[in-house]
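A.B. asks: In my numbering, the protein residues as written are 9 to 160. Cβ coordinates follow ideal geometry from the N, Cα and C atoms, glycine included. One structure follows; several queries about it will come next.
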Ligand code: ZN
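This is how it looks when you write it as structure tokens:
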């Protein structure tokens, strides 16, 4: 495994639409393993492949000590609205308040191509949606209703 470099806002790769994964092969497993190592090294709730410069529809979420590996995730259903504080490993110096759905249902594939479903609510749902936005070149900064400048 290898830790990868995280791209920062301003890098054009973060603005591209990622491609659907076709092959659930060793290369995909390596990418996911590297993303996990990178996330654990820097700390955070999630990481998307474009953040490490790979334009594939892959993201990982770590929430309540459980790790989710999402390949080709699709939002199937959403309801409600809530505003909360978000940051991003690719955005330095500020966080923001972002409005997102309160409850979601997501379908995705695991690293071996097995179809999975996940219901999520509240901040857990927010992390999924934030990471999935990265796959379409969207950053929280595009959506925030209020910018919060970091103190440090
Ligand atoms: Zn992010």
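#1: Could you tell me whether the Cβ atoms of residue 135 and residue 16 are closer together than 8 Å?
#2: Could you pull out every unbroken beta strand (DSSP E) segment of at least 3 residues lying fully inside the region 85-116, listed in chain order?
#3: For residue 46, which residues from the same chain have a beta carbon less than 8 Å from its beta carbon, with the 5 sequence-adjacent residues on both sides left out?
#4: Measuring alpha carbon to alpha carbon, tell me which of 106, 145, 158 and 151 ends up nearest residue 19.
#5: For residue 32, name the three-state secondary structure that DSSP assigns.
#6: CA-CA distance, residue 26 and residue 81?
#7: Which one of 116, 110 and 73 has the shortest CA to CA distance from residue 88?
#8: When we look at the beta-carbon of residue 128 and count the other beta-carbons within 10 Å, is it buried (16 or more) or exposed?
C.D. replies: Let's see:
#1: The Cβ atoms of residue 135 and residue 16 do not sit closer than 8 Å to each other.
#2: If we require 3 residues or more, the beta strand (DSSP E) runs fully inside the region 85-116 come out as 90-96 and 99-108.
#3: Excluding positions up to five away in sequence, the list reads 11, 12, 14, 55 and 60.
#4: When 106, 145, 158 and 151 are compared, the shortest CA-CA separation from residue 19 is found for 145.
#5: If DSSP states are grouped into helix, strand and coil, residue 32 belongs with coil.
#6: Looking at the backbone, the Cα of residue 26 and that of residue 81 are separated by about 12 Å.
#7: Closest option to residue 88, Cα to Cα, is 110.
#8: Counting Cβ neighbours within 10 Å, residue 128 comes out buried, since at least 16 surround it.
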